[in-house]
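Below is one structure, written out as structure tokens, with a few remarks after it.
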Amino acid sequence: MIKQLDVRKNETLFADVLIVGGGAAGVAAAHTLASENKKVIIVEKYGFCGGGAVAGLSGTICGMYEASEKLTNKPKQSVFGFTDKFAKVMSEKGGLSEPVKYGKTFTRVHDPLVWRETADFFLNNKNITIIFHAIATHALVEGKEKIEGAVIWTKQGSFEVRSKITIDASGDADVIAMSGLPNFIGDNGKVQNPTMIFRLLNVNVKKFKEKYGENTIMPIEVTDLIIKMNKLKKYNLPRAKIWLFPTTRENELICNCTRIIGLNGEELNSLYWKDFTMAEIQGRSQIREYAKFFKENLIGCENSFVNDTGVQVGIRQTRQVDGKYKLKNNDVVKGKKFKTGIARSPWPIELHSGQKPKVEWLIDDVYEIPLDCFKPKKGKGIYVAGRCLSAEHEAVASARVTAQCFSYGHAIGHASVLSLNEKIDTDKIDGAEIRKILNNDGAQLD
Ligand SMILES: Cc1cc2nc3c(=O)[nH]c(=O)nc-3n(C[C@H](O)[C@H](O)[C@H](O)COP(=O)(O)OP(=O)(O)OC[C@H]3O[C@@H](n4cnc5c(N)ncnc54)[C@H](O)[C@@H]3O)c2cc1C
């Protein structure tokens, strides 16, 4: 009889903190915890970190600078802490542009490969075990609501990771849902559109900018041209207001322009396998149509071609935790501040829903996000971090961007450290205390 090598034997791993998901939030939380000498296991579905920013090819770090009616060439930075640290390293590695104009504010274009390498750099710590190509499939729940880790699936088989605290940085509130803790989906189940992003190479960026200007939100003449071409049935381009970003590489644009919807015009929700599959196929077909339109109509794009797309369609919104506080649409619009605020955001509401994206600016101001947005209404030993925070539909259309997801991970890392050191339940940690700790760690919240 042939003896099989047993690679599927059961094993249980232990950590102070298990982090599910290696997007911006997961990376920030892992780095923060490890820097405070806590043992971390981070599991990530892909073979690299970055989530929506890398696999979804989001393109830029939004949310660092304030918007202004009189946009000068001097952006006002209002988000620091881990976001700033990560941006500096990425910039040193040549993978982050200087601020570029985006409507009434600025953003910074990143190279997705450098993003991955920068994450590797921040996770290279003896206290961190990274498990790539691993999916959390079940939560380990003690009693009714104490979370003690998760079951992880890899090619080696399934095994348990047991932890004192679990951070759900999956973007989709997966662990919250697996634990049966309160959660919700968008506006009564309606979520924002996915977008398939792609990179266009061999663009004469100089000519392109001379014609269309420095602002990465394309001018009205491009929008009008798209509408006209659609009417003439020359192309089928479902989104007319589009964003094209020159990147850190020569002759390249990152194109945020597709609008992926269901057969009857409904928003697709990637939690459902049918919607997710349809979004991928539709995304691939749309990018070809846009690339053809660019090549045939836009100055500077005459010799361009598609270099690649995101590894997956970009997902803006799925399931979120129903938290002790739900960030309100009005908190964003009115620039609300909280004593327990652990992150700030100057980013507008940028809602990708319906015919065209709606952008509602917050001018010369920021709003804050309190710690209670990351604590489920009930449940212990668990936080969320990242875009699956507790926030209303339009509020999350602002609060989900990368600079803020880094900030949330930074804050939740510190909240977990305090909970472990002082033996205080996760749900009892005071946001005001975390704000002080974050200020001592460079966040500049006051
Ligand atoms: C089309 C599009 C364009 C965007 N453009 C911008 C932009 O220009 N600038 C900007 O700042 N933001 C942009 N965003 C938003 C931003 O990219 C994301 O909101 C942000 O990256 C979210 O970070 P996160 O860490 O919360 O989650 P994610 O980035 O979603 O990361 C979650 C991670 O968890 C992993 N994961 C999920 N479930 C499991 C599981 N069960 N087990 C193991 N691993 C799991 C995923 O693989 C992923 O890596 C865009 C988003 C989209 C979709």
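Position 248 of the sequence shown, counting from 1, maps to 1240 under my numbering, and the rest follow consecutively. Here a beta-carbon is modelled for each residue, glycine too, at the ideal position from N, C-alpha and C. Owing to the predicted nature of the structure, the values given are computational and were not obtained by experimental measurement.
Member of the options whose CA lies at the smallest distance from the CA of residue i
{"i": "P1368", "options": "I1218, K1080, K1350 and D1166", "result": "D1166"}
{"i": "G1178", "options": "G1333, L1263 and G1434", "result": "L1263"}
{"i": "S1390", "options": "W1339, K1062, G1371 and N1432", "result": "W1339"}
{"i": "H1130", "options": "I1034, F1151, S1382 and Q1274", "result": "F1151"}
{"i": "L1192", "options": "M1210, K1428 and E1294", "result": "E1294"}
{"i": "V1071", "options": "S1408, L1025 and F1398", "result": "F1398"}
{"i": "A1435", "options": "G1073, G1048 and A1007", "result": "G1073"}
{"i": "E1258", "options": "T1064, N1185, A1335 and E1414", "result": "N1185"}
{"i": "E1003", "options": "I1144, Q1312 and H1125", "result": "I1144"}
{"i": "K1420", "options": "Q1278, K1316, W1353 and Y1359", "result": "K1316"}
{"i": "D1008", "options": "A1020, G1018 and N1029", "result": "N1029"}
{"i": "E1202", "options": "Y1375, G1292, K1068 and G1141", "result": "G1292"}
{"i": "S1337", "options": "P1349, L1437 and I1429", "result": "L1437"}
{"i": "D1265", "options": "Q1278, D1300, T1310 and I1246", "result": "Rather than Asp, the amino acid found at residue 1265 in this sequence is Trp. For W1265, the nearest C-alpha among the options comes from T1310."}
{"i": "G1327", "options": "P1362, H1344, N1413 and A1047", "result": "P1362"}
{"i": "I1341", "options": "I1033, L1105, L1319 and K1370", "result": "L1319"}
{"i": "L1430", "options": "H1402, N1413 and V1409", "result": "H1402"}
{"i": "F1285", "options": "I1189, G1135 and V1214", "result": "V1214"}
{"i": "T1208", "options": "L1229, K1415, D1433 and C1054", "result": "C1054"}
{"i": "P1349", "options": "N1256, I1252 and A1026", "result": "I1252"}
{"i": "T1052", "options": "Q1396, S1408, I1404 and H1406", "result": "Q1396"}
{"i": "F1124", "options": "V1012, R1276, G1373 and K1085", "result": "V1012"}
{"i": "G1205", "options": "Y1094, K1147 and H1344", "result": "Y1094"}
{"i": "W1107", "options": "G1087, L1115 and V1153", "result": "G1087"}
{"i": "M1210", "options": "K1233, Y1038 and A1059", "result": "K1233"}
{"i": "S1162", "options": "A1335, S1060, C1041 and I1426", "result": "C1041"}
Counted within 10 angstroms of its Cβ, other Cβ atoms place residue i as buried (16 or more) or exposed
{"i": "R1280", "result": "exposed"}
{"i": "K1198", "result": "exposed"}
{"i": "E1244", "result": "buried"}
{"i": "N1175", "result": "buried"}
{"i": "D1417", "result": "exposed"}
{"i": "L1269", "result": "The sequence shown places Thr at residue 1269, rather than the Leu named in the question. Exposed, because fewer than 16 other Cβ atoms sit within 10 Å of the Cβ of T1269."}
{"i": "F1297", "result": "exposed"}
{"i": "K1080", "result": "exposed"}
{"i": "L1248", "result": "Sequence check: residue 1248 is Asn here, not Leu. When all chains shown are included, N1248 counts as buried."}
{"i": "S1050", "result": "buried"}
{"i": "G1172", "result": "exposed"}
{"i": "T1110", "result": "buried"}
{"i": "I1212", "result": "exposed"}
{"i": "T1250", "result": "buried"}
{"i": "I1273", "result": "exposed"}
{"i": "D1364", "result": "buried"}
{"i": "D1103", "result": "buried"}
{"i": "F1006", "result": "exposed"}
{"i": "A1271", "result": "buried"}
{"i": "T1394", "result": "buried"}
{"i": "N1261", "result": "buried"}
{"i": "G965", "result": "In this structure the chain extends from 993 to 1438, so residue 965 is not present and cannot be described."}
{"i": "E1242", "result": "exposed"}
{"i": "T1301", "result": "buried"}
{"i": "S1382", "result": "buried"}
{"i": "D1164", "result": "buried"}
{"i": "L1224", "result": "exposed"}
Test: residue i CB closer than 7 Å to a CB of chain C
{"i": "V1167", "result": "In the structure shown, chain C does not exist; there is a single protein chain."}
Residues bridged to residue i (per DSSP)
{"i": "C1247", "result": "F1190 and L1236"}
{"i": "P1362", "result": "G1333"}
{"i": "L1010", "result": "I1033 and T1158"}
{"i": "I1177", "result": "R1311"}
{"i": "W1145", "result": "I1127 and S1150"}
{"i": "R1100", "result": "I1053"}
{"i": "I1209", "result": "W1235"}
{"i": "E1134", "result": "K1138"}
{"i": "Y1094", "result": "T1097"}
{"i": "D1300", "result": "R1191"}
{"i": "Y1375", "result": "I1159"}
{"i": "L1430", "result": "Beta-bridge pairing links L1430 to no other residue."}
{"i": "G1015", "result": "None, per the DSSP bridge assignment."}
{"i": "V1071", "result": "DSSP lists no partner for V1071."}
{"i": "E1058", "result": "None; E1058 has no bridge partner."}
{"i": "A1383", "result": "L1319"}
heavy atom of ligand 2 below 6 Å from residue i C-beta
{"i": "T1187", "result": "Here the bound small molecules are ligand 1; ligand 2 is not part of this structure."}
Checklist entry - Counting pairs of Cβ atoms below 8 Å between the segment 1209-1226 and the segment 1312-1323, do you hit three or more? => result no
Checklist entry - Should the segment 1144-1162 be called in touch with the segment 1115-1132, which here means at least 3 C-beta pairs below 8 Å? => result yes
Next on the checklist: Is it the case that the segment 1083-1099 contacts the segment 1224-1239, given that we only count it when at least three CB pairs across the two stretches are under 8 Å?
Outcome noted: yes
Checklist entry - Is the number of C-beta pairs between the segment 1009-1025 and the segment 1291-1310 that are closer than 8 Å three or more? => result no
Checklist entry - Using 8 Å as the threshold, is the segment 1373-1391 in touch with the segment 1341-1361, meaning 3 or more CB pairs across them? => result yes
Checklist entry - Given 8 Å as the limit, is there contact between the segment 1108-1123 and the segment 1024-1044, that is, 3 or more CB pairs closer than that? => result yes
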